[in-house]
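K.L.:
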Amino acid sequence: MFRILPRWRAKLVDMETGSVRRVLAVKPDGPWLVLVDGATWNVESRNTGVDKPIAFSRLWLLPLLERPREEVERRAREALGPGDPDLAEVLQVVIQCALAGPSEYWISLALPWIIADEVGLFAELLREIAVGRSRVQATQHTAKRLLKEHGQWPTEWRQRRR
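Okay, so the sequence shown: first residue is 0 according to numbering that gives the first Met the number 0, each after it adds one.
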């Protein structure tokens, strides 16, 4: 049984299993990235106040890409403690959702969010973007540049182009 507290309290409490803590507002009035029992990432709807697992609600997090990654990380870390799960997990879900989706807009916003350690993780999606004919040329070049800078562009492709 859930008890919804007033919005000014900025949290939702599950009376049987523990608490839900708002970590980051995706937009000023929600939805929110929340931490359930200090262990599980969910997204809380601004309309219903009910939180859902990221697997079912990751699209709601895409507007985070409209802000610099550093700002998103800083704001989220202000609400996180040393024992909380790694925020990188959530950020990678957002990036993966954008790169795998059909929207040129979200792809172009996700590319600058990718840090050096994540290029290998997203290499397959980046290759698809770089060689895909349905992408804007600037987006293709950005994906290809990321792959080349981090040694993920296949050598045989380099040799074929010469």
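Glycine is no exception: its CB is placed at the ideal position from the N, C-alpha and C atoms.
1. Starting from Leu40, trace the beta strand (DSSP E) both ways and give me its first and last residue.
2. Just to confirm, are Leu79 and Ala97 a CB contact at a threshold of 9 angstroms?
3. If you measure between the beta carbons of Gln151 and Val118, is that distance less than 9 angstroms?
4. Would the C-beta of Trp40 count as close to the ligand GTP, meaning under 8 angstroms from any of its heavy atoms?
5. Alpha carbon to alpha carbon, what distance is there between Pro111 and Lys143?
6. Compute the Euclidean distance between the alpha carbons of Lys147 and Gln139, then round it to the nearest angstrom.
P.N.:
The relevant details are as follows:
1. Here the sequence assigns Trp to residue 40, which means Leu is not the residue at that position. Per DSSP, Trp40 belongs to the beta strand (DSSP E) from Thr39 to Glu43.
2. No.
3. Yes, these two residues count as a Cβ contact at 9 angstroms.
4. In the structure on display, the ligand GTP does not appear, and there are no ligands present to speak of.
5. Going from the Cα of Lys143 to the Cα of Pro111 covers about 13 angstroms.
6. About 12 angstroms.
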